[in-house]
Every structure is written in C-alpha cells, then in structure tokens.
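J.:
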Amino acid sequence: GMSSITDVHPDLAGLDPKALDRLTAWNKYLVETERLASSAVLVARHGHVGYHFACGEQRPGVPIAVDTIYRIYSMTKPIVSLALMQLFEEGKFQLTDPIKLFIPAFDKRRMTVFKSGTVQNYETEPCRRSITIKHVLTHTSGLSYGFTPASNPVDAAYRKAGLLPKGATAGKVPDRDKPDFSQGEFFDRLAAQPLLFQPGEHWFYGFNTDLCGYLVELLSGMPLQDFLSQRIFAPLKMVDTGFTVPPEKHHRFASNWMRRGATPGLGAVQPASAPRTGLKEISEATDEASYLFPKKEMFMSGGGGLASTTHDYYRFCACLLNGGTLDGERIISTATLKWMTSNHLTRRSPSGGMAESIDMKALAFQAGYSEAQPAGTGFGLGFSVRINAVESGIIGSVGNYSWGGAANTYFLIDPSEGMIVIHMTQLMYNDPMKLPLRAQLGSLVYGAVVDPAPYPRMMRSKL
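Next up, the structure:
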C-alpha cells in the first residue's frame, strides 16, 4: 500500500534533508511574520512522502494539526473534472457536444455576447457558436465568475442576478445559498447573462466547473456529493473530503483568514504592502454555516465547494501521478488521464496549416487574473499544464499539472520527477503573496530534489 503522510522518508524520495530544512524555515517564517496563519507543505516522490510539515494556528489559540480540514475552493475543480471524464469513459458524451443537449437554456439562439460599452450602457451581439463540454472543461466558454473588475458590464450583470461563487461575498449570502434555490435555476439564470466573448475565442476563469458538476448530476442521475463519494472519495479512502463537515469533525475545521486592512471580495485588488499588516480571522457566519450546518437542499459547487485535508488531497494526487489507480482501486484509465493533462488550448492561423498549442497568456481575455498563470502554461481538462519549462522564469518541468484555490491552497504534480507538492493554508482575497509564494515554494522544493529520476515519465504502477 501507499506510505502514510506521517511516515516520512526523504532518502527514499530522493530529497536532500538539509535542503528540506530550508522549507521548514520558510513555513515557520510565513507564520511568524503573519503572512499566513498556518502553513502545511507535503512533498512526495517515487511513491514516498519525503517531507511533511505544518505550523501555525487552525483557529486563534488552536494549533494546526495533521488532520486539519481546509476549504480547498478551486482545488475542487480537478476532482469534478475527473468525475465528468469518468462519464466520458462510459460514452455519455463527447467533448464536442453542445451543452444545450443537457441544459436547454444554453441554446446559442437565446444567448448574447458582450460587444462594447460600460456598465450603464453596453451593446451585445448574437452568440455565434454553441458552448461545448470542451469549452466548459477548459474555461473557454465565455462564462465569467462575477467578481472580476467592477467596470466589467458582464460581471455587473452577474452580481445583479445574484450569481456569485462561494467565498466571493463579504457577509452577503449569495442567492445560490438561499433555501429553495435549485441548481437548474442557477444555470438558467447564468445562461440569460451575456457571455464575455464568443465561445472558444479566449480563456477566462468562470462558473465552468460548477456547470461540469451539474452535468455530472444530469448525466449520472445522482447528486454530485453522492457521485464523488462513490466514484472517487470511497475508492481512494479520502475520508474527510466533502461539501460539508459533519458535527464530529467541526473542531478540525480551520478558520479562514484575511490581511488586516485588505478589501474583502475575491476580485479585490490588494495593496502590495499588505503582508506587513498582520492577519485577522474572517468571522463569516454564512460561510461557516454552509459547511458546518448545511441546509437540506444544498447547492454543491463543482467549482469551489469542497473541504478536504492534506492527507486526502495527497491520495487524490497520488492516484493521478500513478495513472488513475491507487492501492488497487482504479478510478480512471491511464489514457484518459494522459489526455486530460495535455494542453487543450490551440489556435489555428488564418493562413491555414496545423493548429498550434498555445498558453493561457496567448488566449487570455483579460490580462492580470493570477490564475491565468505564468507564461508557458496551457490548460487541460481541469488542470493547468506546463508546456514550456523556461519562459516564465519559474522552475518546473514540461508536463507539470497543477491548480490552486482561493484561500491560497495549491498542488502540483510533476510526472517527469515523479513528484507531488501540496501547500495548505487559509488566506483569502487575492492576496499579493499568492504568486510569490508559489514561486518560492518551487525554488525550495526543486532545490531539494537530488537524485535523477530512475524511470521514464510514468510512475511505477505499485505505489
């Protein structure tokens, strides 16, 4: 079986223990200087945990623990994308299928696309292309999230329609978390708003994976939580992952934190000086309640609703690195997973010829959104995918796939090094620390990798 996260062997993982001391010092520094309330890092390689360290507070006065439960927000997306691809393997759809086949409100004849203008006065044009399942899996549909700069008329329309993601509101309950608000109503309302651009024209982060979660429900006939539990969490023994946290685990649920003086809200632009102002707990009753005291008919956000632990997310990553199987339980085929972790962003030149593989930057609708990632990063079916090792100046291998969450959580899988990296914390609101943290974590982790990988890209089948 797989080694437990408390069973740490740097030598077997090909990591230099002295170099790992720097990683520990970094974690402690982030907490001592109040850049983060807590910091937990796990590095596994060659099927062994080579490093696992956590420090800081879960709640004021309560130290972080190995089994602390975190809001993983957008790290829900790879899990839900994989669930949808399990149904793909059953022949339930093709990537080229228009989603209107499953959700009639997304018929292009009833949809519009933003053309130009201001929030008060803007023009739209007809939608010329059907949104396909590929568009929603790759964030190229034209859907938004409603929290990008307030000057954007589409996002203003989302806010007016009460369409906001989990964690986006500061103190205001989004419509989706009100009683009697169904998934169907949410997506019908979403389809009624103008798209940011014609489907397929650009990459932009939005409600796409929530839509994937709804498609999982429609295609399987099961609530999303039940499908994920049966098909992913149970086989992988992800015992603490779900849309809610049961009463006997409430004491393990971490508080969410923000910088003192920061502007609440996911799209808020924070001053660069923020890390020096210290932290405060976000005492957001509505947010806590949605995890701890869920109402019966809960909106399960496929884009950001899960809570999980370092242990559980490590098991998910280990299954991916291992080609879709873990401890004898296979959840997806090696070939499907290889396809999912390939770059699916392409562009055809008007002069003809082959379509070329391009990165998110080349396809981005608006510069500046941090999840559009460094240069040389494309996007697969639920993951960002590294297509150029050197352009960004951030260390890493071609073929790396990764994603992060709104509270600064992050995971990275490097198939060529046989390596998994997970960083868990809870710091909200687009903090200026986010990208520097990932780059620093990369230098420290890769700075500890010392043996040449003794086998090709794929990890050996037995973990």
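Just add 17 to the spot in the sequence shown (first one is 1) and you have our numbering. Glycine residues also receive a C-beta, built at the ideal position from the N, C-alpha and C atoms. Computed from a predicted model, the values in this text were never measured in an experiment.
#1: Rounded to the nearest angstrom, what separates residue 385 and residue 374 at their Cα positions?
#2: Could you tell me which residues DSSP pairs with residue 439 in its beta bridges?
#3: Are residue 382 and residue 274 touching if we call contact CB-CB under 8 Å?
#4: Between residue 34 and the rest of its own chain, which residues show a CB-CB distance below 6 Å, the 5 nearest in sequence each way excluded?
#5: On the CB-based measure, 16 or more other CB atoms within 10 Å of its CB, does residue 427 come out buried or exposed?
#6: What residues in its chain sit with their C-beta under 8 Å from that of residue 267, if we drop five residues either side in the sequence?
#7: Enumerate, from N- to C-terminal direction, the unbroken beta strand (DSSP E) stretches of 3 or more residues contained entirely within the region 44-118.
#8: Helix, strand or coil: how does DSSP classify residue 201 here?
#9: What is the rounded straight-line gap between the Cα of residue 254 and the Cα of residue 140?
#10: Specify the secondary structure class of residue 150 as computed by DSSP and reduced to three states.
#11: For the beta strand (DSSP E) containing residue 420, list its first residue and its last residue.
#12: In angstroms with no decimal places, state the Cα-to-Cα distance between residue 62 and residue 50.
#13: Quick one: is residue 407 buried, meaning 16 or more other Cβ sit within 10 Å of its Cβ, or exposed?
#14: Per DSSP, what are the beta-bridge partners of residue 449 in this structure?
#15: Pull up the CB-CB distance for residue 94 and residue 399, whole angstroms please, since I reckon it's below 8 Å.
#16: Since residue 318 is in the alpha helix (DSSP H), which residue starts that stretch and which ends it?
#17: Could you check the C-alpha separation between residue 387 and residue 340 for me, to the nearest Å?
#18: Can you grab the Cα-Cα spacing for the pair residue 209 / residue 122, in whole Å?
#19: So, for residue 18: in the same chain, excluding its five sequence neighbours on each side, which residues have a beta-carbon less than 6 Å away from its beta-carbon?
#20: Have a look at the DSSP bridge pairing and note the partners of residue 139.
#21: Could you tell me the distance, in whole angstroms, from the CA atom of residue 333 to the CA atom of residue 146?
#22: Who pairs with residue 274 in a beta bridge, going by DSSP?
#23: Say whether the region 347-362 touches the region 124-136, bearing in mind that this needs 3 or more beta-carbon pairs closer than 8 Å, one atom from each stretch.
#24: Taking only three categories from DSSP, how would you classify residue 228?
#25: Going by beta carbon distance, what residues of the same chain come within less than 8 Å of residue 106, once the five residues before and after it are set aside?
#26: Figure out for me which residue from 177, 223, 173 and 136 has the closest Cα to the Cα of residue 155.
#27: Is residue 136 closer than 8 Å to residue 178 when the C-beta atoms are compared?
#28: Skipping 5 residues on each side, what residues in its chain have a beta carbon closer than 7 Å to that of residue 213?
#29: Put residue 359 into one of helix, strand or coil per three-state DSSP.
#30: Here's the rule I'm using: 16 or more other beta-carbon atoms within 10 Å means buried, otherwise exposed. How should residue 23 be labelled?
#31: In the DSSP assignment, find the beta strand (DSSP E) that holds residue 403 and state where it starts and stops.
#32: Leaving out the 5 sequence neighbours to the left and right, which residues in its chain are closer than 7 Å to residue 336 when beta-carbon positions are compared?
#33: Excluding five sequence neighbours on each side, which residues of the same chain lie with their C-beta closer than 7 Å to the C-beta of residue 455?
#34: Would residue 432 and residue 338 qualify as a contact pair, given that the criterion is a beta-carbon distance under 8 Å?
#35: If we ignore side chains and look at the alpha-carbon of each, how far apart do residue 457 and residue 74 end up?
#36: Only counting the same chain, and skipping five residues up and downstream in sequence, which positions put a Cβ closer than 8 Å to that of residue 287?
T.: To lay it out plainly:
#1: Residue confidence for residue 385 is low, a pLDDT of 48 falling below 50, so the modelled location carries little weight; the figure read from the coordinates is stated next. Their backbone Cα atoms lie some 21 Å apart in a straight line.
#2: For residue 439, which the question treats as bridged, DSSP gives the partners 59 and 428.
#3: no
#4: Within its own chain, the residues whose Cβ lies closer than 6 Å to the Cβ of residue 34, once the five positions on either side in sequence are excluded, are 27, listed in chain order.
#5: buried
#6: 309
#7: 55-62 and 65-76
#8: The three-state reading of DSSP puts residue 201 in helix, counting H, G and I together.
#9: 51 Å
#10: Residue state, collapsed to three classes: helix.
#11: 418-421
#12: 30 Å
#13: exposed
#14: Residue 449 is not bridged to any residue.
#15: That belief holds up - the Cβ atoms of residue 94 and residue 399 are roughly 6 Å apart, short of 8 Å.
#16: It is not in any alpha helix (DSSP H) - residue 318 carries neither H nor E in the DSSP assignment.
#17: Model confidence at residue 387 stands at a pLDDT of 47, short of 50, so the residue's coordinates are unreliable; what they give is reported in the following sentence. Distance between the alpha carbons of residue 387 and residue 340: 29 Å.
#18: 8 Å
#19: With a pLDDT of only 47 at residue 18, under 50, the local geometry of the prediction cannot be trusted, and no value is derived from it.
#20: 134
#21: 35 Å
#22: 298 and 444
#23: These segments do not touch.
#24: helix
#25: 349, 350 and 353
#26: The residue from 177, 223, 173 and 136 with its alpha-carbon nearest to that of residue 155 is 223.
#27: In this structure, residue 136 does not lie closer than 8 Å to residue 178 by Cβ.
#28: 131, 159, 161, 171, 221 and 382
#29: In the displayed model, residue 359 falls within coil according to three-state DSSP, outside both helix and strand.
#30: exposed
#31: 401-403
#32: 253, 342, 343 and 348
#33: 427, listed in sequence order.
#34: yes
#35: 22 Å
#36: 276, 279, 280, 446, 447, 448 and 449
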